[in-house]
Every structure is written in C-alpha cells, then in structure tokens.
Amino acid sequence: MPDTPTSSPPAPALVALAAWVLPGAGYALLGQYARAITIGTTILLLFVLGLLIGGIRALEVPGYNAHGGKLISWVKGQNRNGGAPYGLRASDAPLPPGAREEGWVVVTHPLDELRSKPWSIAQIMIGPIDVLCDWWSVVVSQPSDPNNPNSSRIAARSHSRINELGVLFTAVAGMLNLLAIIDSSHRAGQLEAK
Amino acid sequence: MYFHLPASLAFTPFLDPLPAWPDTVWPWLLLPLCLAVSIVYKSIRCKSMRQVPREAGGLTITIILAMAAAAVVLAVVVRGLER
Numbered sequence: 001m002p003d004t005p006t007s008s009p010p011a012p013a014l015v016a017l018a019a020w021v022l023p024g025a026g027y028a029l030l031g032q033y034a035r036a037i038t039i040g041t042t043i044l045l046l047f048v049l050g051l052l053i054g055g056i057r058a059l060e061v062p063g064y065n066a067h068g069g070k071l072i073s074w075v076k077g078q079n080r081n082g083g084a085p086y087g088l089r090a091s092d093a094p095l096p097p098g099a100r101e102e103g104w105v106v107v108t109h110p111l112d113e114l115r116s117k118p119w120s121i122a123q124i125m126i127g128p129i130d131v132l133c134d135w136w137s138v139v140v141s142q143p144s145d146p147n148n149p150n151s152s153r154i155a156a157r158s159h160s161r162i163n164e165l166g167v168l169f170t171a172v173a174g175m176l177n178l179l180a181i182i183d184s185s186h187r188a189g190q191l192e193a194k
Numbered sequence: 195m196y197f198h199l200p201a202s203l204a205f206t207p208f209l210d211p212l213p214a215w216p217d218t219v220w221p222w223l224l225l226p227l228c229l230a231v232s233i234v235y236k237s238i239r240c241k242s243m244r245q246v247p248r249e250a251g252g253l254t255i256t257i258i259l260a261m262a263a264a265a266v267v268l269a270v271v272v273r274g275l276e277r
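So the sequences go chain by chain: P and R.
In terms of this note's numbering, the first sequence is residues 1 to 194.
In terms of this note's numbering, the second sequence is residues 195 to 277.
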C-alpha cells in the first residue's frame with residue numbers, strides 16, 4: 001500500500017474532522033493508507049476491548065444517571081449569593097415539594113455535568129461511534145421489565161477493577177485518537193504549506 | 195475457580211462485564227493496552243511504517259518492564275512502611 005501524500009492535500013480542518021468521525025480516516029485523506037489502517041484499527045480495537053471488559057454500561061453518559069434515567073435539574077429557594085442551589089432527579093421521579101423544574105442538566109448545568117463524568121470527554125474523542133455506544137448504554141440501563149422499575153437491568157453494571165479497566169481502555173482509545181487527529185491535521189498543514 | 199464458573203457461563207459480551215475479577219487474571223489485560231499505546235505512538239512517530247512493528251515491540255517491552263519495576267519499588271516501600 002502506498003504511504004505517500006496525495007498531490008493536492010485537503011484542508012487541515014477537514015482532515016481533523018475526518019479523523020474524529022472515523023479513527024485513521026485523517027491519514028487516509030492524506031494518502032497514508034498503511035498508517036490509517038494501523039492507527040484506526042488499533043484505536044477501534046482498544047475501544048471495543050474496553051467495552052468488552054467493562055461492559056457497555058462502563059460508559060457514563062452525560063445527562064443520564066446510572067439507571068439510564070434522563071437527569072432533570074430543579075431549584076428550591078435561593079442561597080446566600082443570590083444564585084439558586086440545584087438538585088437532580090430522574091425524569092420519571094417526582095419533583096420535590098416546592099421545587100421548580102429547570103430542565104435537562106446538560107442544557108442547564110453542562111460544565112457541572114461534564115465535571116461529574118470527566119471520562120466522557122476522553123471517550124467522545126473516538127467520534128460518532130462513542131455517541132452510538134452511549135445511546136446503547138442508556139438503552140440497556142433500563143429495567144428489563146418496563147412495567148416494573150425495580151426489575152433487573154437489561155445489562156449488568158461493572159464494578160471495581162473491571163469497571164476501571166473498561167473506563168481506562170475506552171478513555172485511552174479516545175486520547176490516542178485525539179493524538180491522531182492533531183498529528184494528521186498537522187501533517188495536512190505541512191503539506192499545504194509546501 | 196469454582197466461584198467464578200457460574201458468572202463465566204452467564205457472560206454475554208458487552209452486556210455483562212468480563213468475568214476477570216481474580217487478581218491473577220486482570221493484570222494481564224494491561225498487556226493489550228501497552229501494545230495499543232505503543233503501536234499508535236510509533237505509527238505517529240516513525241517516518242516509515244516498516245519501522246513500526248519493531249519499534250512498537252520494543253516500546254511495549256519497555257513499558258511492561260518499567261511498570262514491573264515501579265510495582266517492585268512500590269511493594270518494597272509499602273512493606274517498609276508496614277514494619
């Protein structure tokens with residue numbers, strides 16, 4: 001397979017976007033197919049291995065709780081600084097008495113939500129595949145019997161070391177793809193400058 | 195092994211966590227992680243992809259030896275503090 005750049009290199013931003021959408025695709029746009037296949041396959045295998053080890057529920061999805069419930073923020077009164085302290089509840093849970101609903105926590109308190117699930121930032125670097133897996137994680141976190149909210153969940157949740165390894169593998173895969181995004185777009189920039 | 199047999203039989207890929215809880219099993223899972231990090235790093239660093247297998251293999255061994263050395267040092271420190 002050729003490992004040489006094409007005659008008219010694409011824009012660095014386009015290369016970065018392609019590399020995010022599909023790991024390794026940035027190098028493929030530059031005509032570096034061997035590098036693209038090696039890096040893309042390795043990153044995807046690492047991500048899939050992480051999900052295999054920790055289970056799909058090892059992915060913590062911003063805006064949803066561990067049981068797949070959509071997190072809604074609510075406020076009640078005001079604190080000393082004038083701002084309102086907020087609480088969270090699942091969308092199917094009752095609103096506390098006297099509380100006012102704010103909305104989905106990803107919209108109302110996005111930074112707080114990301115801060116509580118920091119590994120999701122590294123995992124999203126894998127691209128739309130992570131978004132699809134996040135959706136799958138939320139779906140299989142639901143009760144196996146829709147009429148009984150206390151029934152067992154469709155998928156089991158991992159704990160301790162196995163959960164840590166699942167999160168570690170998926171987050172490292174995301175960070176490696178970030179490295180590949182930066183490198184491929186940098187290479188595109190260098191080719192453009194020549 | 196007897197205690198892990200039922201969990202192993204119930205394992206559904208991706209829906210159940212991998213039944214690798216024993217301390218003799220899970221540390222082996224770090225090997226593919228080291229290998230993947232080495233392959234991606236060396237694929238980015240090396241000018242020619244022909245160099246990657248050799249360079250990545252060397253880096254994988256270096257990472258594993260460094261982690262083993264760190265584990266030995268930490269074990270000695272912990273034992274020393276325990277006395």
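All C-beta atoms, glycine included, are put in the ideal place defined by N, C-alpha and C.
Contact under 8 Å by Cβ, residue i with residue j
| i | j | result |
| --- | --- | --- |
| Met-243(R) | Thr-38(P) | yes |
| Leu-168(P) | Ile-43(P) | no |
| Ser-46(P) | Leu-191(P) | Going by the sequence as given, residue 46(P) is Leu instead of Ser. Taking 8 Å as the Cβ cut-off, Leu-46(P) and Leu-191(P) do not qualify as a contacting pair. |
| Ser-232(R) | Arg-35(P) | no |
| Ala-122(P) | Gly-69(P) | no |
| Pro-143(P) | Arg-157(P) | no |
| Trp-104(P) | Ile-72(P) | yes |
| Ser-141(P) | Ala-66(P) | yes |
| Glu-60(P) | Trp-119(P) | yes |
| Pro-10(P) | Ala-188(P) | yes |
| Pro-62(P) | Val-106(P) | yes |
| Leu-165(P) | Ile-53(P) | yes |
| Ala-13(P) | Leu-209(R) | no |
| Val-21(P) | Gly-127(P) | yes |
| Gly-87(P) | Pro-97(P) | no |
| Leu-223(R) | Ala-230(R) | no |
| Val-75(P) | Arg-115(P) | no |
| Val-138(P) | Tyr-64(P) | yes |
| Ile-181(P) | Ala-16(P) | yes |
| Thr-170(P) | Gly-50(P) | yes |
Chain R contact residues for residue i, given Cβ-Cβ distances below 7 Å
| i | result |
| --- | --- |
| Thr-38(P) | Ile-233, Ser-237, Met-243 and Val-246 |
| Asp-183(P) | Ile-238 |
Neighbour-count burial assignment, residue i, 16 or more Cβ in a 10 Å radius
| i | result |
| --- | --- |
| Val-246(R) | buried |
| Thr-254(R) | buried |
| Met-195(R) | Reliability of the predicted coordinates at Met-195(R) is poor, the pLDDT of 45 falling under 50, and no value is obtained from them. |
| Pro-211(R) | buried |
| Val-234(R) | buried |
| Phe-197(R) | Confidence in Phe-197(R) is poor, its pLDDT being 49 and thus under 50, which makes the residue's placement too unreliable to answer from. |
| Phe-205(R) | exposed |
| Arg-89(P) | buried |
| Ala-25(P) | buried |
| Gly-77(P) | exposed |
| Val-172(P) | buried |
| Pro-23(P) | buried |
| Ser-151(P) | exposed |
| Val-266(R) | exposed |
| Gly-274(R) | exposed |
| Ala-28(P) | buried |
| Glu-113(P) | buried |
| Ser-184(P) | buried |
| Ala-93(P) | exposed |
Interface residues of chain P facing residue i [CB-CB closer than 8 Å]
| i | result |
| --- | --- |
| Trp-220(R) | Arg-161, Ile-162 and Leu-165 |
| Leu-268(R) | Residues of chain P passing the Cβ test: none, with the nearest at roughly 17 Å. |
Amino acids of chain P, ordered along the chain, whose beta-carbon sits closer than 9 Å to that of residue i
| i | result |
| --- | --- |
| Ala-230(R) | Thr-42, Ile-43, Leu-45, Leu-46, Leu-49, Phe-169, Val-172, Ala-173 and Leu-176 |
| Leu-253(R) | Within chain P, no residue comes near Leu-253(R); the closest Cβ sits about 13 Å away, beyond 9 Å. |
Interface residues of chain P facing residue i [CB-CB closer than 7 Å]
| i | result |
| --- | --- |
| Leu-223(R) | Ile-53 and Leu-165 |
| Leu-275(R) | Residues of chain P passing the Cβ test: none, with the nearest at roughly 23 Å. |
| Leu-259(R) | Under the 7 Å cutoff, chain P gives no residues; its nearest Cβ is about 20 Å from Leu-259(R). |
Per DSSP, the bridge partner or partners of residue i
| i | result |
| --- | --- |
| Tyr-64(P) | Lys-70(P) |
| Tyr-86(P) | Val-75(P) |
| Arg-100(P) | Val-75(P) |
| Pro-143(P) | Arg-153(P) |
Contacts that residue i makes with chain R (C-beta to C-beta distance below 9 Å)
| i | result |
| --- | --- |
| Leu-179(P) | Val-234, Tyr-235 and Ile-238 |
Within chain R, the residues that residue i reaches when beta carbons sit closer than 8 Å
| i | result |
| --- | --- |
| Ile-56(P) | Phe-208 and Leu-209 |
Residue i: CB within 7 Å of a non-hydrogen atom of the ligand NAD
| i | result |
| --- | --- |
| Trp-215(R) | Because no ligand of any kind appears in the structure shown, any question about the ligand NAD cannot be addressed here. |
Original post:
Relative to chain P, which residues along the stretch 202-218 of chain R have a C-beta separation below 7 Å, given in chain order?
Top reply: For the stretch 202-218 of chain R, the beta-carbon criterion of a distance under 7 Å to any beta-carbon of chain P is satisfied by Pro-207, Phe-208, Leu-209, Asp-210, Pro-211, Leu-212, Ala-214 and Trp-215.
Original post:
At a Cβ cut of 9 Å, what residues of the stretch 141-163 of chain P count as close to chain R, listed as they run along the chain?
Top reply: Residues are counted here when their Cβ sits less than 9 Å from a Cβ of chain R; for the stretch 141-163 of chain P these are Ile-154, Ala-155, Ala-156, Arg-157, Ser-158, His-159, Ser-160, Arg-161, Ile-162 and Asn-163, given in chain order.
**OP:** Anything in the stretch 23-38 of chain P with a Cβ closer than 7 Å to a Cβ of chain R? List those residues in chain order, please.
**Re:** Against chain R - using a Cβ distance shorter than 7 Å - the residues of the stretch 23-38 of chain P are Ala-34, Arg-35 and Thr-38.
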